[in-house]
Amino acid sequence: MFSWTAPPSPTMLPFMRSRKPGMWWGAAVEAPDPPALARFYSDLLEWPLVHEEPGTAVVGTPGGSFLVFQQADGYQPPVWPPEPGAQRPMTHLDFQVGDLADAVAEAVALGAVVAPDQPQENVRVLFDPAGHPFCLCLETD
């Protein structure tokens, strides 16, 4: 099971001058099939799918931000670890977990693939169904 800690209250976070309380924020992820990738992360993290339209799907987070999945025509999945001349990962998502083996098994059951290269003992690198790398990080004291 995945665990999360709520982020600090928005009143504690610095804001860009143009932002006002209550405005949404989040990361956008390119995908060949945004609704399918949004459902993968929604199921994996038990976060709600809050919006879907052609070319875009949005997953809400417990802290009030969003993961936006956007259509990318000609999408090329990133290669990890990076290789010269190949599409590099531009960003990746990290999720802290309480039981690494169970979290990996759950992600794989939903369609993730374990990366062959694992650089840290307390972290597992996986690929989501669109090929984006993401990390499951074991909670440490």
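Residues 1 to 141 (full-length UniProt numbering) make up the sequence shown, in order.
Note that beta-carbon positions come from the ideal geometry of N, C-alpha and C, so glycine has one too.
Please list the terminal residues of the continuous alpha helix (DSSP H) segment that includes V79. Taken as a continuous stretch (DSSP letters only), V79 belongs to no alpha helix (DSSP H), as it is neither H nor E.
Bridge-paired residues (DSSP) for G26: F66
Less than 7 Å between the CB of T61 and some heavy atom of the ligand ATP, yes or no? Absent from the structure shown: the ligand ATP. Ligands present: none.
Does the Cβ of W25 have 16 or more other Cβ atoms within 10 Å, making it buried, or fewer, making it exposed? exposed
Going by DSSP, name the residue or residues bridged to residue 162. The structure shown does not extend to residue 162, since the chain spans only 1 to 141, so no value can be given for it.
Burial state of H51 (16 or more Cβ within 10 Å): exposed
According to the Cβ coordinates, are A31 and A72 closer than 8 Å? yes
Below 8 Å on the Cβ atoms is my contact criterion, and I expect L110 with L44 to pass it. Report the Cβ-Cβ distance as a whole number of Å. 5 Å
R88 to G74, Cα distance in whole Å? 15 Å
Please classify V113: is it buried, with 16 or more other beta-carbons within 10 angstroms of its beta-carbon, or exposed? exposed
Return the CA-CA distance between E106 and Q118, expressed in angstroms with no decimal places. 18 Å
Quick test of the definition: if touching needs 3 or more C-beta pairs under 8 Å, does the segment 92–103 touch the segment 121–136? yes
Does V58 pass the burial test, meaning 16 or more other C-beta atoms within 10 Å, or should it be called exposed? buried
Exposure label - D94; buried when at least 16 CB within 10 Å: exposed
Using the three-state DSSP reduction, which class does D128 fall into: helix, strand or coil? coil
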